[in-house]
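A.B. asks: Dropping a structure here in structure tokens format, bear with me for questions.
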Ligand code: ADP
């Protein structure tokens, strides 16, 4: 498992991570979420020994990265899709990694197959698309067959098939009992991939719970469509206790939060408002997440000098 124990990281006056204490359990995919600048990458870098904590510890199976006897066999990580030498082929890149870590060359061909780039493995990575680089990074993470896997935004640049492939891969790795920590800003994707989420903001833990629990914190939305603008205004007035907003993509569609479908239907009937559509839309991970991090997003939007 992964453990952050009161881990803090400062860069000058910036507190990137502020006494982060959290345990990432094996056997499930944990989504690592938070607005830009929340401290996700810094936490991952400290965990992987790429940066020193100012205070506290980050442990993999009870040890600091620097104390792992065989790092690549303990933890596989994919942080940056651009960190590969452009003049090297994918296969040579992995062979070099394997050699340094005393891993058999046969394993290189196995992971190339597994991530679906075996056919282009002898090409220089200079010619690789972002999606192919992502797959190569994931192959490197899998090379040592580690129990712990850490991925930073692994689906950026992948097409729909690629995104689905990563989802299955991560779920499969967790299903084998491994510890999988993955950061992403794609909430709909995380909803389908992560069993558990850790949300951080300004370097502190805002939530550490089952994905469904965070989804449950988002209120359901009642979606209604009415063709007549006056009727829509009438409906707004008929629901004084609810928040009624117009959908950005479609002015005919109203989103009602704070009233259920019966109240909306009855209010429309009582005022003679014609409806073409009335449905409940369940809370999403994005809505639950946004509720949690709203203050942090607003904080990030204020220039540092304006902060109290
Ligand atoms: P996230 O990955 O959640 O977007 P980061 O960990 O990249 O967040 O950044 C957290 C905070 O630390 C930000 O305010 C960022 O500007 C700052 N930071 C990160 N790395 C450095 C660095 N090398 N030097 C100075 N500040 C940094």
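Numbering (this note's numbering), first residue to last: 145 to 452.
Where is the CB? At the ideal position from N, CA and C, for every residue including glycine.
In this text the structure is predicted, and so the values were computed from the model without any measurement.
(1) Would you give the residue range spanned by the beta strand (DSSP E) that residue 398 belongs to?
(2) For residue 389, does the three-state DSSP call read helix, strand or coil?
(3) Determine the direct distance from the alpha carbon of residue 269 to that of residue 347, and round the result to whole angstroms.
(4) Taking 8 angstroms as the cut-off, is the beta-carbon of residue 183 closer than that to any non-hydrogen atom of the ligand SAH?
(5) Report, in whole angstroms, the separation of the C-beta atoms of residue 435 and residue 361, which I expect to be a contact under 8 angstroms.
(6) So for residue 452, helix, strand or coil by DSSP?
(7) Tell me which residue opens and which closes the alpha helix (DSSP H) that residue 360 is part of.
(8) In whole angstroms, what is the alpha-carbon distance linking residue 382 and residue 155?
(9) Assign residue 289 to buried or exposed, taking buried as 16 or more other Cβ atoms, counted over all protein chains shown, within 10 Å of its Cβ.
(10) Run through the region 187 to 269 for me and flag every whole alpha helix (DSSP H) of 4 or more residues, listed as ranges in chain order.
(11) Looking at residue 216: is its Cβ nearer than 9 angstroms to the Cβ of residue 287?
(12) Can you check the region 302 to 360 for any beta strand (DSSP E) of at least 3 residues that lies completely inside it and give the ranges in chain order?
(13) At which residues does the beta strand (DSSP E) containing residue 161 begin and terminate?
(14) If you reduce the DSSP assignment to three classes, tell me which class residue 120 lands in.
(15) Three or more C-beta pairs closer than 8 angstroms, one from the region 384 to 402 and one from the region 297 to 306: is that the case here?
(16) In chain order, what residues of the same chain lie with their CB nearer than 6 angstroms to the CB of residue 437, ignoring the 5 residues before and after it?
(17) What separation, rounded to the nearest whole angstrom, lies between the Cα atoms of residue 134 and residue 222?
(18) When the Cα atoms are used, what is the spatial distance from residue 302 to residue 308?
(19) Determine, using beta carbons only, whether residue 183 and residue 209 come nearer to each other than 9 angstroms.
(20) So residue 239 and residue 249 are supposed to be a Cβ contact under 8 angstroms. How far apart are they, rounded?
(21) Would you kindly check if the distance between the Cβ of residue 148 and the Cβ of residue 187 is under 9 angstroms?
(22) Could you check whether the Cβ of residue 160 sits closer than 8 angstroms to any heavy atom belonging to the ligand ADP?
(23) Between the region 275 to 284 and the region 248 to 266, do at least 3 Cβ pairs fall closer than 8 angstroms?
(24) Hey, residue 379 and residue 423 are a contact pair by Cβ (cut 8 angstroms); roughly how many whole angstroms apart?
C.D. replies: So, to answer that:
(1) 394 to 401
(2) strand
(3) 35 angstroms
(4) In the structure on display, the ligand SAH does not appear, and the ligands it does have are the ligand ADP.
(5) 6 angstroms
(6) Summary for residue 452: the model assigns pLDDT 46, below 50, so the residue's position carries little reliability; its value from the coordinates is reported in the next sentence. Note: residue 452 maps to coil in three-state DSSP.
(7) 355 to 360
(8) 53 angstroms
(9) exposed
(10) 215 to 218, 234 to 244, 249 to 258
(11) yes
(12) 323 to 327, 340 to 345, 348 to 354
(13) 158 to 168
(14) Any answer about residue 120 is impossible in this case: the structure gives the chain only from 145 up to 452.
(15) no
(16) 179, 345
(17) This structure gives no information on residue 134, because the portion of the chain shown stretches from 145 to 452.
(18) 9 angstroms
(19) no
(20) 6 angstroms
(21) yes
(22) yes
(23) yes
(24) With 8 angstroms as the limit, residue 379 and residue 423 do not qualify as a contact, their Cβ atoms being about 15 angstroms apart.
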